[in-house]
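Residue numbers (the numbering used here), protein chains in the order written: chain U, 1 to 268; chain E, 1001 to 1252.
In this text, a Cβ means the ideal position worked out from N, Cα and C, and glycines have one as well.
Since we're looking at a predicted model, the values are computed, not measured.
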């Protein structure tokens, strides 16, 4: 009897969550459709895009620098004993390089970027929504979607690949430091080994997918903020869910994009 | 007299809750129309429908003879350029200074030189007596100052029609009276037509040429403030007695 009483609210809660999830997917789909419709309509707000790229890049630079350095250092230190076990220490820089360029660099940077930027966009636009600033902009004859959303999505899409290249470089610095610590290798040998192992074809899919990740961060953060309701509580919820949804979507899309890349270019 | 706002049989519902039910309303050029009503009777919804922040379910809204409900987004923005809207919380852009807030509509819609823009900004700030706030951020301003800057931003494009959503809510009686007097002063000097949604009887007494009372989604009463406050109608007596008590409490 007790079980049947508790199972009804659980079911309805589940149903409510499922409805909310499906509504969010539909909303995101419409939102991105609106984005693609608006990008061809003037004014193009180049100055705003540049401003957001500056802000997002500077805001994220310290944390991605630290993360990139530590990732490079730790991965190298972790892989060193394994490589020693197989007598393959000479391949350490190359194997670390490939994992950083193909997967770790792009995905870790995207996840850090999502945590830092998606929540920021969600909170900023959410706060503008609940304090009627977006309405004020619309009433003044300015298209707020174009001015606030399109510019942010563009900025995220184009700044993330730049940050990823930077993080890969910093991760190599960390990796080199680890190699010097554990193996006493010269930087010339390290560089030779990396260059010999990592090909241009390794970098291209990794960098290209960061455009998709950047777009995801921008669109999810903007969607959550732009559609925020229920005052300050709604703003907090927008910021939190923006991070969760964009991080999850980055991982799902990474899985899909890796499969697509291997299918399109099996030799890579 | 020209009719600036002509609303015909406007209806708006949220789900099964009917907020506006066949509301019709005319506002003449240069007139200050006050909209009264209890909370949730659709006063702000009426204002938001007028600028299409909300889409009505049926009816027609003519602003200077143009039915705004039939306009494309581009045409609608052209109409909106000539409207002013003061939001309840002033809705100043947080990330911009006072100067940038005031500059925003000028940069977007007009081809003024930087010098002309600066002159216009200084001129409207002088009108609202806040010249010293030009480089402040909205977070550094008090509630009354925010309202004044919001008002300055709304009038900087010299609109022919101003819409006010609770312009004195949340302000102390002295600031409230100052804002009401400022609204009247600006309306006279700029020859604007205004629609003011308010609960504040003191504000209405200062501003209103004519007032309507919304109840249950319809325009239940219409007249001057004196006619409405001295009416023997039970609803109006009840409504204004509450307003007067609230007003006296605020004054005390």
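**Prompt:** So what's residue 1014(E) in DSSP terms, helix, strand or just coil?
**Reply:** As a working note, residue 1014(E) is residue 14 in the second chain. Strand at residue 1014(E).
**Asked** For residue 1041(E), which residues of its own chain have a beta-carbon under 8 Å away from its beta-carbon, when the five flanking residues on both sides are left out?
**Response** On the second chain, position 41 is the one that residue 1041(E) refers to. Counting only Cβ-Cβ distances below 8 Å, and skipping sequence neighbours, we find 1019, 1214, 1215, 1216 and 1217.
**Asked** Who are residue 961(E)'s beta bridge partners in DSSP?
**Response** The structure shown does not extend to residue 961(E), since chain E spans only 1001 to 1252, so no value can be given for it.
**Request:** For residue 223(U), count neighbouring C-beta atoms within 10 Å of its own C-beta (all shown protein chains included) and say buried if the count is 16 or more, exposed if not.
**Result:** As a position in the first chain, residue 223(U) is number 223, starting the count at 1. Buried.
**Request:** Can you give me the start and stop residues for the alpha helix (DSSP H) that residue 1082(E) sits inside?
**Result:** Stepping through the second chain from its first residue, residue 1082(E) is reached at position 82. It is not in any alpha helix (DSSP H) - residue 1082(E) carries neither H nor E in the DSSP assignment.
**Item:** Residues that residue 1089(E) contacts on chain U, provided the C-beta gap is smaller than 7 Å
**Value:** Your numbering for residue 1089(E) matches position 89 in the second chain. Those within 7 Å of residue 1089(E) in chain U are 131 and 132.
**Prompt:** With a Cβ-Cβ cutoff of 8 Å, do residue 1004(E) and residue 1191(E) count as a contact?
**Reply:** Locating residue 1004(E) in the second chain gives position 4, counting from the first residue. Locating residue 1191(E) in the second chain gives position 191, counting from the first residue. Taking C-beta atoms as the reference points, residue 1004(E) and residue 1191(E) fail to come closer than 8 Å.
**Message:** Within 8 Å of any Cβ in chain U, is that where the Cβ of residue 1112(E) sits?
**Reply:** In the second chain, residue 1112(E) corresponds to position 112, counting from 1. No, its Cβ sits nowhere closer than 8 Å to a Cβ of chain U.
**Request:** Report yes if the C-beta distance between residue 97(U) and residue 158(U) is below 8 Å; otherwise report no.
**Result:** Stepping through the first chain from its first residue, residue 97(U) is reached at position 97. Stepping through the first chain from its first residue, residue 158(U) is reached at position 158. For residue 97(U) and residue 158(U), no; Cβs fall outside 8 Å.
**Request:** Kindly indicate the opening and closing residues of the alpha helix (DSSP H) around residue 254(U).
**Result:** Translated into the one-based positions of the first chain, residue 254(U) becomes position 254. Counting along the chain, the alpha helix (DSSP H) containing residue 254(U) begins and ends at 231–264.
**Item:** Short-range partners of chain E found in the region 140–154 of chain U, where Cβ spacing is below 7 Å
**Value:** Listed by position along the chain: 140, 141 and 142.
**Request:** Flag this pair as yes or no: are the beta carbons of residue 60(U) and residue 116(U) separated by less than 8 Å?
**Result:** Here residue 60(U) is taken as the residue at index 60 of the first chain, counted from 1. Here residue 116(U) is taken as the residue at index 116 of the first chain, counted from 1. Contact: yes.
**Message:** I want to see whether chain U comes within less than 8 Å of residue 1195(E), judged by CB atoms only; does it?
**Reply:** Working through the second chain from its first residue, we reach residue 1195(E) at position 195. Using beta-carbon distances, residue 1195(E) does not count as an interface residue toward chain U, since no partner is under 8 Å.
**Asked** Residues of chain U with a CB under 9 Å from the CB of residue 1199(E): which are they?
**Response** Along the second chain, one-based indexing puts residue 1199(E) at 199. By Cβ distance, chain U contributes nothing, its closest Cβ being about 18 Å from residue 1199(E), past 9 Å.
**Request:** Could you name the residues of chain U that residue 1080(E) contacts, counting a contact when the two beta carbons are closer than 8 Å?
**Result:** Counting from one through the second chain, the residue named residue 1080(E) turns up at place 80. By Cβ distance, chain U contributes 138, 139, 140 and 141.
**Prompt:** Beta carbon of residue 142(U), beta carbon of residue 1051(E): below 8 Å?
**Reply:** Within the first chain, numbered from 1, the residue matching residue 142(U) stands at position 142. Within the second chain, numbered from 1, the residue matching residue 1051(E) stands at position 51. No Cβ-Cβ contact shorter than 8 Å links residue 142(U) with residue 1051(E).
**Request:** In the DSSP assignment, find the alpha helix (DSSP H) that holds residue 219(U) and state where it starts and stops.
**Result:** Counted from its first residue, the first chain places residue 219(U) at position 219. Note, residue 219(U): alpha helix (DSSP H), 200–226.
**Item:** Proximal residues, the region 1044–1071 of chain E versus chain U, C-beta separation under 7 Å
**Value:** Taking 7 Å as the upper bound on Cβ-Cβ separation, chain U lies near residues 1051 and 1053 of the region 1044–1071 of chain E.
**Request:** Show which residues of chain C have a CB atom less than 9 Å away from the CB atom of residue 1094(E).
**Result:** The displayed structure is made up of protein chains U and E, and chain C is not among them.
**Request:** For chain U, find out if any of its Cβ atoms is closer than 8 Å to the Cβ of residue 1109(E); answer yes or no.
**Result:** Reading the second chain from its first residue, position 109 is the one you call residue 1109(E). Interface residue, yes.
**Request:** Classify residue 1(U) as helix, strand or coil using the three-state DSSP reduction.
**Result:** Your numbering for residue 1(U) matches position 1 in the first chain. Low confidence applies to residue 1(U): its pLDDT is 43, below 50, so where it sits in the model is not reliable enough to give any reading.
**Item:** Beta-carbon spacing of residue 1012(E), residue 1054(E) below 8 Å
**Value:** Counting from one through the second chain, the residue named residue 1012(E) turns up at place 12. Counting from one through the second chain, the residue named residue 1054(E) turns up at place 54. Contact flag set, yes.
**Helix, strand or coil at residue 1222(E) according to DSSP, with G and I counted as helix** = Locating residue 1222(E) in the second chain gives position 222, where the first residue counts as 1. Note: residue 1222(E) maps to strand in three-state DSSP.
**Request:** Please report how far the alpha carbon of residue 1154(E) lies from the alpha carbon of residue 1162(E), in whole angstroms.
**Result:** Start at 1 with the first residue of the second chain, and residue 1154(E) comes out as number 154. Start at 1 with the first residue of the second chain, and residue 1162(E) comes out as number 162. As the crow flies, the alpha-carbon of residue 1154(E) is around 8 Å from that of residue 1162(E).
**Message:** If you reduce the DSSP assignment to three classes, tell me which class residue 1034(E) lands in.
**Reply:** Taking the first residue of the second chain as position 1, residue 1034(E) is located at position 34. Residue 1034(E): strand per DSSP, three-state reduction.
**Prompt:** Residue range of the beta strand (DSSP E) that residue 1210(E) falls in?
**Reply:** Position 210 of the second chain, counted from the first residue, corresponds to residue 1210(E). Residue 1210(E): member of the beta strand (DSSP E) spanning 1210–1215, first to last residue.
**Asked** Between which two residues does the alpha helix (DSSP H) containing residue 115(U) stretch?
**Response** One-based indexing of the first chain puts residue 115(U) at position 115. For residue 115(U), there is no enclosing alpha helix (DSSP H), as DSSP gives it neither H nor E.
**Prompt:** Are residue 93(U) and residue 175(U) close, meaning C-beta to C-beta below 8 Å?
**Reply:** For the purposes of this step, residue 93(U) is taken as the residue at position 93 of the first chain. For the purposes of this step, residue 175(U) is taken as the residue at position 175 of the first chain. Yes, the pair counts as a contact, with Cβ atoms nearer than the cut-off.
**Request:** Less than 8 Å between the CB atoms is what I'm expecting for residue 183(U) and residue 52(U), so what's the real figure, rounded?
**Result:** Here the question's residue 183(U) lines up with position 183 in the first chain. Here the question's residue 52(U) lines up with position 52 in the first chain. No, residue 183(U) and residue 52(U) are not in contact; Cβ-Cβ is about 43 Å, not under 8 Å.
**Item:** From 1156(E), 1237(E), 1077(E) and 1223(E), residue whose alpha carbon lies closest to that of residue 1086(E)
**Value:** As a first step, residue 1086(E) must be located in the second chain, where it is residue number 86. Considering only alpha carbons, the answer is 1156(E).
**Prompt:** Taking only beta-carbon atoms, is residue 1085(E) less than 8 Å away from chain U?
**Reply:** Counting from 1 along the second chain, the entry for residue 1085(E) is found at position 85. Chain U contact via Cβ: present.
**Prompt:** To which residues does DSSP link residue 1197(E) through a beta bridge?
**Reply:** Taking the second chain and counting its residues from 1, the one referred to as residue 1197(E) is at position 197. For residue 1197(E), the beta-bridge partners assigned by DSSP are 1035(E) and 1165(E).
**Prompt:** residue 1239(E): buried (16+ other C-beta within 10 angstroms of its C-beta) or exposed?
**Reply:** By 1-based counting over the second chain, the position of residue 1239(E) is 239. With 16 or more other Cβ atoms within 10 Å, it is buried.
**Message:** I want to see whether chain U comes within less than 8 Å of residue 1006(E), judged by CB atoms only; does it?
**Reply:** Position 6 of the second chain, counted from the start, is the residue given in the question as residue 1006(E). Not one beta carbon of chain U lies nearer than 8 Å to the beta carbon of residue 1006(E).
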